[in-house]
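Okay, structure first, notes after.
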Amino acid sequence: MTRETVLEVRDLRTHFFTKAGVARAVDGVSFSLARGEVLGLVGESGSGKTVTGFSLMGLVDPPGRLVSGSIRLGGEELAGLPEEGWRRLRGRRIAMIFQDPMMTLNPVLRIDTQMIEAIRAHAGVSREAARERAREALARVGIPSPDERLAAYPHQFSGGMRQRVAIAIALLNEPEVIVADEPTTALDVTIQAQILYEVQKLCADTGLAMIWITHDLAVVGGLADRVAVMYAGRIVEQGPVDAVLDAPFHPYTHGLIGSVPSQNRRGERLTQIPGMAPSLLSLPEGCSFAARCPRADAACTVMPELSELEAGRLARCHHPHRTLETARGGAA
Amino acid sequence: MSAAPLLALDAVSKRFVRRLDAAEKIVNLFGGNRREEVVHAVDNVSLQIAEGEVVGLVGESGCGKSTLGRVVAGVHAASSGRVLWRGRDIDSLSGAERREATLKIQMIFQDPMSSLNPRMRVRDIVGEAPRVHGLVSSGEVADYVDRMLLRVGLDPSYKSRYPHQFSGGQRQRIGIARALAVQPDFLVCDESIAALDVSIQAQVLNLFMDLREDLGLTYLFISHDLGVVEHLADRVVIMYLGRVVESAPAAELFADPNHPYARALLEEVPRIDTRKRVFQPVKGEIPSPLAPPTGCHFHPRCPHAMPRCREEAPALREIAPGRVSACHLNEA
Numbered sequence: 005m006t007r008e009t010v011l012e013v014r015d016l017r018t019h020f021f022t023k024a025g026v027a028r029a030v031d032g033v034s035f036s037l038a039r040g041e042v043l044g045l046v047g048e049s050g051s052g053k054t055v056t057g058f059s060l061m062g063l064v065d066p067p068g069r070l071v072s073g074s075i076r077l078g079g080e081e082l083a084g085l086p087e088e089g090w091r092r093l094r095g096r097r098i099a100m101i102f103q104d105p106m107m108t109l110n111p112v113l114r115i116d117t118q119m120i121e122a123i124r125a126h127a128g129v130s131r132e133a134a135r136e137r138a139r140e141a142l143a144r145v146g147i148p149s150p151d152e153r154l155a156a157y158p159h160q161f162s163g164g165m166r167q168r169v170a171i172a173i174a175l176l177n178e179p180e181v182i183v184a185d186e187p188t189t190a191l192d193v194t195i196q197a198q199i200l201y202e203v204q205k206l207c208a209d210t211g212l213a214m215i216w217i218t219h220d221l222a223v224v225g226g227l228a229d230r231v232a233v234m235y236a237g238r239i240v241e242q243g244p245v246d247a248v249l250d251a252p253f254h255p256y257t258h259g260l261i262g263s264v265p266s267q268n269r270r271g272e273r274l275t276q277i278p279g280m281a282p283s284l285l286s287l288p289e290g291c292s293f294a295a296r297c298p299r300a301d302a303a304c305t306v307m308p309e310l311s312e313l314e315a316g317r318l319a320r321c322h323h324p325h326r327t328l329e330t331a332r333g334g335a336a
Numbered sequence: 398m399s400a401a402p403l404l405a406l407d408a409v410s411k412r413f414v415r416r417l418d419a420a421e422k423i424v425n426l427f428g429g430n431r432r433e434e435v436v437h438a439v440d441n442v443s444l445q446i447a448e449g450e451v452v453g454l455v456g457e458s459g460c461g462k463s464t465l466g467r468v469v470a471g472v473h474a475a476s477s478g479r480v481l482w483r484g485r486d487i488d489s490l491s492g493a494e495r496r497e498a499t500l501k502i503q504m505i506f507q508d509p510m511s512s513l514n515p516r517m518r519v520r521d522i523v524g525e526a527p528r529v530h531g532l533v534s535s536g537e538v539a540d541y542v543d544r545m546l547l548r549v550g551l552d553p554s555y556k557s558r559y560p561h562q563f564s565g566g567q568r569q570r571i572g573i574a575r576a577l578a579v580q581p582d583f584l585v586c587d588e589s590i591a592a593l594d595v596s597i598q599a600q601v602l603n604l605f606m607d608l609r610e611d612l613g614l615t616y617l618f619i620s621h622d623l624g625v626v627e628h629l630a631d632r633v634v635i636m637y638l639g640r641v642v643e644s645a646p647a648a649e650l651f652a653d654p655n656h657p658y659a660r661a662l663l664e665e666v667p668r669i670d671t672r673k674r675v676f677q678p679v680k681g682e683i684p685s686p687l688a689p690p691t692g693c694h695f696h697p698r699c700p701h702a703m704p705r706c707r708e709e710a711p712a713l714r715e716i717a718p719g720r721v722s723a724c725h726l727n728e729a
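Those protein sequences? They're chains A and B, same order as listed. If you want this note's numbering, it's the position in the first sequence, counting the first as 1, plus 4. If you want this note's numbering, it's the position in the second sequence, counting the first as 1, plus 397.
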């Protein structure tokens with residue numbers, strides 16, 4: 005990929021300092037994102053995918069804190085930015101879509117009030133110009149008769165339509181990056197497909213880059229260019245969607261894909277990953293997946309590095325599944 | 398199917414009525430025109446489930462699938478129509494016979510936290526019903542509970558704990574153990590794995606498949622997740638706005654859906670094997686069940702709608718052995 009990089013995250017660490025101890029929700033996450041690219045950030049509950057998204061938006065509240073790492077958006081460093089700097093940035097250059105659109109929408113204000121406010125917070129344009137931009141944004145996400153809908157309140161929309169409005173608001177100031185946190189999880193299949201269709205078109209047409217946070221590997225397979233799999237606060241595997249889903253390196257990715265019922269294995273037992281995710285408060289020494297891993301051995305008591313096993317493909321494992329006969333065995 | 402089905406629904410409907418309140422009645426006295434609002438949650442559904450069969454009931458939110466499940470499990474009484482258990486109308490049974498029939502049908506809910514009493518210990522949650530119904534004597538309850546917990550893959554030494562001390566997947570296992578404790582023949586699973594993480598979903602799905610094999614259970618498996626239904630079910634019933642639109646053996650349905658809604662729904666399912674696909678969603682949204690469209694409920698969204706579809710509701714017709722579909726197109 006030679007496309008220009010818009011977002012570069014290096015060694016991001018966000019920890020929560022609770023009474024029970026330090027929860028390392030995000031612990032050394034690195035990735036980059038190019039223009040027009042969709043990166044699927046996949047993981048189960050508690051894997052740190054949402055906290056990663058919030059960290060990119062500067063939305064981590066105490067007791068959580070961004071401990072270290074760098075977030076570069078178009079060359080500008082965001083980590084350590086004061087609140088005022090974040091305010092100027094959020095919604096203008098980087099925006100977020102939440103699982104529940106009512107996190108974005110104010111229930112007692114009309115859609116036009118909210119949208120015009122969001123535009124005028126960042127750009128010195130007249131109300132009329134802002135209103136026109138709001139109308140265009142609604143039309144772009146496929147809302148029929150946007151002129152009338154501008155005057156409606158959020159409760160007058162269905163769930164799918166509300167999510168479209170939330171996406172339209174995220175698009176208002178033409179950000180470079182959108183962080184989408186499970187935006188279609190609560191929606192029905194046909195409505196989900198409508199949203200995915202709009203999102204796909206937007207990224208292709210406008211060069212918008214997107215981080216799509218989800219637990220649903222099937223959605224990632226259909227939508228994303230690259231995928232990063234998170235487990236216990238770290239990225240365990242990263243690479244192009246096809247390669248990762250067809251021939252995963254990491255045993256966790258392997259197990260995760262085996263857990264999804266698929267067409268050609270009707271009625272067979274699903275591969276199950278034994279046990280459950282470890283508590284972030286008391287992560288084991290070494291590889292955090294070792295306790296559930298069928299390939300674990302003595303080497304796994306040392307934390308493996310995220311290393312490039314093939315061009316563009318990273319995995320954090322001492323014993324990755326090899327597609328070709330290149331396995332040398334032993335620790336890397 | 399020649400033998401009498403284990404469970405049959407004969408033209409079952411369930412209506413929910415919002416009665417007029419006092420103020421609205423007074424308005425009517427003065428010439429107002431306030432009417433009661435009626436939702437036909439389940440509209441004239443007939444269904445046969447043979448012993449040992451797994452029937453998947455799918456549809457989007459508001460299609461009435463959960464209501465139908467609750468009618469089957471006896472949580473709601475049907476507004477009209479009959480529920481037949483082994484050929485006998487449950488409503489016509491009385492006393493011990495009725496108790497026995499209803500005990501044989503158990504339900505497993507979506508959210509294990511809200512369906513388990515948070516103030517009861519696991520041993521009481523699982524042990525109470527079999528003791529009350531005289532399935533085991535008080536002296537044997539402890540052993541019996543141990544066996545049930547082992548059966549669903551829980552360590553019996555946890556039985557003095559409370560539900561909040563378990564993880565989501567374990568809680569769902571407690572709910573399953575509670576249902577199994579009264580020795581049912583038939584389980585109604587209402588979105589029973591929807592709230593679980595992917596790897597935990599696989600564990601619970603495998604448990605369902607094991608139980609079917611070992612205990613010969615029959616399932617009505619209600620889900621919006623077509624991938625899961627395809628994996629598990631022998632036969633799939635698709636509902637749209639309270640009516641069954643298609644019912645067919647799972648393999649045939651997924652290979653070649655007949656009803657336009659079934660076709661649209663199956664196409665929208667994100668699959669892990671399809672990559673970078675172009676989403677081509679069905680137009681429009683699910684209409685309000687308060688005011689469903691006339692004729693065929695699907696006609697406003699259907700690409701093949703004809704004038705007739707607006708006026709006349711299509712009946713379910715056999716299109717192949719064991720396969721029915723409700724569409725006017727099949728009559729040409």
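Think of the CB as a built atom: it goes at the ideal place given N, C-alpha and C, for glycine as much as any other residue. Everything numeric in this text was worked out from a predicted model, so none of it was measured.
Pair within 9 Å by beta-carbon distance, A470 (chain B) and V585 (chain B):
The Cβ atoms of A470 (chain B) and V585 (chain B) sit closer than 9 Å to each other.
With DSSP collapsed to three states, give me the class of E12 (chain A).
strand
Quick one: Cα of Q426 (chain B) to Cα of A419 (chain B), how far?
Contrary to the premise, residue 426 (chain B) reads as Leu rather than Gln in this sequence. Rounded to whole angstroms, L426 (chain B) to A419 (chain B) spans 11 Å at the Cα level.
Tell me whether S72 (chain A) sits in a helix, a strand or coil according to DSSP, three-state version.
S72 (chain A) carries a strand assignment under DSSP once its states are collapsed to helix, strand and coil.
With 7 Å as the limit, tell me which residues of the stretch 224–256 of chain A have their beta carbon closer than that to any beta carbon of chain B; keep them in chain order.
Listed by position, the residues of the stretch 224–256 of chain A near chain B (Cβ gap below 7 Å) are G225, G226, V245, D246, L249.
Ordered along the chain, which non-local residues of its own chain (more than five positions away) have a Cβ less than 6 Å from that of T330 (chain A)?
Confidence is the limiting factor: at T330 (chain A) the pLDDT is only 36, short of 50, which leaves the residue's position unreliable and the question unanswerable from this model.
Can you pull the chain A neighbours of T615 (chain B), defined as C-beta to C-beta under 7 Å?
Per Cβ cutoff of 7 Å: no residues; T615 (chain B) is ~16 Å from chain A at best.
Per-residue contacts from M606 (chain B) into chain A (C-beta, under 8 Å)
G271, R273
Going by DSSP in three states, N441 (chain B) sits in which element: helix, strand or coil?
strand
M510 (chain B) bridges to which residues according to DSSP?
DSSP lists no partner for M510 (chain B).
With distance defined between alpha-carbon atoms, name the residue in B:R705, B:I635, B:M636, B:G613 nearest to K501 (chain B).
B:G613
Just checking my contact of H628 (chain B) with G259 (chain A) at CB under 8 Å: how many whole Å lie between their CB atoms?
About 17 Å separates the two Cβ atoms, so there is no contact after all.
Could you tell me which residues DSSP pairs with G263 (chain A) in its beta bridges?
Reading off the sequence shown, one finds Ser at residue 263 (chain A), where the question assumed Gly. Bridge pairing for S263 (chain A): absent [DSSP].
For F3 (chain A), which residues of its own chain have a beta-carbon under 6 Å away from its beta-carbon, when the five flanking residues on both sides are left out?
With chain A covering only 5 through 336, there is no way to say anything about residue 3 (chain A).
Taking only runs of the alpha helix (DSSP H) that begin and end inside the stretch 113–137 of chain A, which ones reach a length of at least 4 residues, in chain order?
115–124
CB contact check: D220 (chain A) to chain B, cutoff 9 Å:
yes
I'd like the list of long-range same chain contacts for A99 (chain A), defined as Cβ closer than 7 Å, with 5 residues on each side in sequence excluded.
A174, P179, I182
Under a CB-based cut-off of 9 Å, is D185 (chain A) close to chain B?
Among the residues facing chain B, D185 (chain A) is not included, as its CB has no counterpart in that chain under 9 Å away.
From K422 (chain B) to G461 (chain B), what distance separates their C-alpha atoms?
29 Å
My guess is that Y201 (chain A) and F676 (chain B) are in contact by the Cβ rule of under 8 Å, so how many angstroms apart are they, rounded?
Yes, Y201 (chain A) and F676 (chain B) are in contact; Cβ-Cβ is about 4 Å, under 8 Å.
Selected residue, minimal CA-CA separation from P402 (chain B), among B:S443, B:R544, B:R416:
B:S443
Chain B contact residues for G78 (chain A), given Cβ-Cβ distances below 8 Å:
What G78 (chain A) touches in chain B: nothing, since even the nearest Cβ is about 26 Å away.
Between the Cα of V264 (chain A) and the Cα atoms of B:A599, B:S477, B:L547, which residue gives the shortest distance?
The option with the nearest alpha carbon to V264 (chain A) is B:A599.
Closer than 7 Å at the beta carbon, the chain A residues around P678 (chain B)
T194, A197, Q198, Y201
Chain-ordered neighbours of E682 (chain B) on chain A, where CB pairs are closer than 8 Å
In chain order: S162, G164, M165, I195.
Per the contact definition of three or more C-beta pairs closer than 8 Å, is the stretch 694–714 of chain B in contact with the stretch 277–289 of chain A?
no
Rounded C-alpha distance that separates I683 (chain B) from Y637 (chain B):
9 Å
Contact with chain A by R672 (chain B), beta-carbon distance below 9 Å
For R672 (chain B), at least one C-beta of chain A is nearer than 9 Å to its own C-beta.
How many Å lie between A281 (chain A) and A236 (chain A) at the Cα?
7 Å
Opening and closing residue of the alpha helix (DSSP H) in which S596 (chain B) lies:
Run containing S596 (chain B): 595–612, per the alpha helix (DSSP H) assignment.
Interface residues of chain B facing Q103 (chain A) [CB-CB closer than 9 Å]
Here the premise fails: no neighbours, minimum Cβ distance about 14 Å.
Start and end residues, alpha helix (DSSP H) containing P150 (chain A):
150–153
In three-state terms, what does DSSP make of I619 (chain B)?
strand
Cβ neighbours of A661 (chain B) in the same chain (closer than 7 Å, five flanking residues each side left out)
V679
Going straight from the alpha carbon of N727 (chain B) to that of I716 (chain B), what length do you get?
8 Å
Relative to the C-alpha of P594 (chain B), which candidate in A:C207, A:V231, A:P278 has its C-alpha closest?
Sequence check: residue 594 (chain B) is Asp here, not Pro. Looking at the Cα atoms, A:P278 is the closest of the given residues.
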